[in-house]
Amino acid sequence: MDATDRRIVAATQAGLPLVAEPYHAVAEAVGLPVAEVMERMRRMLAAGAIRRIGAVPNHYALGYRANGMAVWDVDDARVDALGARIAQLGLASHCYSRPRHPPDWPYNLFTMVHGRDRAEAERGVEAIAAVLGDAVRARDVLFSTRILKKTGLRLGREG
Amino acid sequence: MPAPGAPRLPALDAIDRRLLDGWQRDFPLEPHPFARLASEIGITEAEVLARLHALRDAGMVGRIGAVVRPHTAGCSTLAAVAVAPERLDAVGTEIAALATVNHCYEREHALNLWFVVAAEDEAAMLETMARAAAIAQAPVHDLRLRSEYRIDLGFPLQWN
Chain L
14 MDATDRRIVA ATQAGLPLVA EPYHAVAEAV GLPVAEVMER MRRMLAAGAI RRIGAVPNHY
74 ALGYRANGMA VWDVDDARVD ALGARIAQLG LASHCYSRPR HPPDWPYNLF TMVHGRDRAE
134 AERGVEAIAA VLGDAVRARD VLFSTRILKK TGLRLGREG
Chain A
67 MPAPGAPRLP ALDAIDRRLL DGWQRDFPLE PHPFARLASE IGITEAEVLA RLHALRDAGM
127 VGRIGAVVRP HTAGCSTLAA VAVAPERLDA VGTEIAALAT VNHCYEREHA LNLWFVVAAE
187 DEAAMLETMA RAAAIAQAPV HDLRLRSEYR IDLGFPLQWN
């Protein structure tokens, strides 16, 4: 991603304008020909720097009220294989490995589950638990009780 | 199916649902993308735009835009801190207001405040973490991504 790519991404962060020719509007904002803007976005998509271009629904507003971060302590030697398995099965919207911070935080595998209520989310957690099986040494589910801020990734500093 | 008493979905018709769910990825990268959606659904471009405006104004869709891979542009991490319950409101509000914090949630755990820091580089990110620690008056855990097993492709909405 070069500086021009970054400007394009920054110009689309808050979303494409809802007008008939949104890429033209982005091109005008960054001062480039629209063909170049679209070509650069195509390249960033192909390279994976842009994961997707699409609608980002507000799951909470759409009724998905239960957002659970299910976390697991599994053997470091197995975490990659297990994480890949959970991802492959589509059991979590996000699946990551992150470092433990003992004693406050003994977990190294993070899986995000969503449901319209806690019972539905908890069924998703149990499906993951069944796959992880005896690899699990400790586990927890942290439901979010309040969303204080949720915005798309922003580049650099603003305000 | 949600349990009885679960929140009901807002009243959305089949076209709204398709607009919300059908293009979470592969939104057309072409000069008239909304015209493409319109022709696939069988309505006019003007109606697609009007419905998306309404869905956005109602808070159902945050945006239609690019989802960027973490660390592609800048540096980010997931952070967690244990805040005294009586200070959680004030601390959460203050940390959420930082420009380099882009998600901030209260969660049920001793580590009760979770947020994502995304900044232009590592120094700026660490500066935000230090500010958050000063606001919370507690150590902030830096749970930096080690591996990601599932990339963010959105997830299918269920309407039943």
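Protein chains in written order, with this note's numbering: chain L, 14 to 172; chain A, 67 to 226. Beta carbons are placed, not taken as given, at the ideal position from N, Cα and C, and that holds for glycine. In this text the structure is predicted, and so the values were computed from the model without any measurement.
Where does residue 81 of chain L sit, in a helix, a strand or coil, going by DSSP? strand
For residue 105 of chain A and residue 209 of chain A, the rounded distance between their alpha carbons: 45 angstroms
First and last residue of the beta strand (DSSP E) that includes residue 72 of chain L? Segment: none, residue 72 of chain L is in no beta strand (DSSP E) and carries neither H nor E.
Counting contacts by CB-CB distance shorter than 8 angstroms, is residue 141 of chain A in contact with chain L? For residue 141 of chain A, the answer is no, since every Cβ of chain L falls outside 8 angstroms of its Cβ.
Run through chain L and tell me which residues come within less than 7 angstroms of residue 99 of chain A, C-beta to C-beta. 35
Cα-Cα separation between residue 47 of chain L and residue 141 of chain A, rounded to whole angstroms: 29 angstroms
Around the Cβ of residue 160 of chain L, are there at least 16 other Cβ atoms within 10 angstroms (buried) or fewer (exposed)? exposed
For residue 127 of chain L, count neighbouring Cβ atoms within 10 angstroms of its own Cβ and tell me buried if that reaches 16, exposed if not. buried
DSSP state of residue 109 of chain A mapped onto helix, strand, coil: Three-state result, residue 109 of chain A: coil.
Taking its Cβ as the centre, do 16 or more other Cβ atoms sit within 10 Å of residue 101 of chain L, making it buried, or is it exposed? exposed
Within 9 angstroms of chain A by C-beta, residues of the segment 90-101 of chain L in sequence order: 92, 93, 95, 96, 97, 98, 99, 100, 101
Where residue 152 of chain A meets chain L, residues with beta-carbon distance less than 9 angstroms: Going along chain L, no residue has its Cβ under 9 angstroms from residue 152 of chain A, so there is no contact; the nearest lies around 15 angstroms.
Out of L/26, L/37, L/134, which has the shortest C-alpha to C-alpha gap to residue 105 of chain L? L/134
For residue 86 of chain A, report the span of its alpha helix (DSSP H) as first-last. 80-87
Grouping DSSP H, G and I as helix and E and B as strand, with all else coil, what is residue 120 of chain L? Coil.
Which same chain residues, not among the five before or five after residue 100 of chain A, have their C-beta less than 6 angstroms away from its C-beta? Within the same chain, residue 100 of chain A has close Cβ partners 111, 114, 115.
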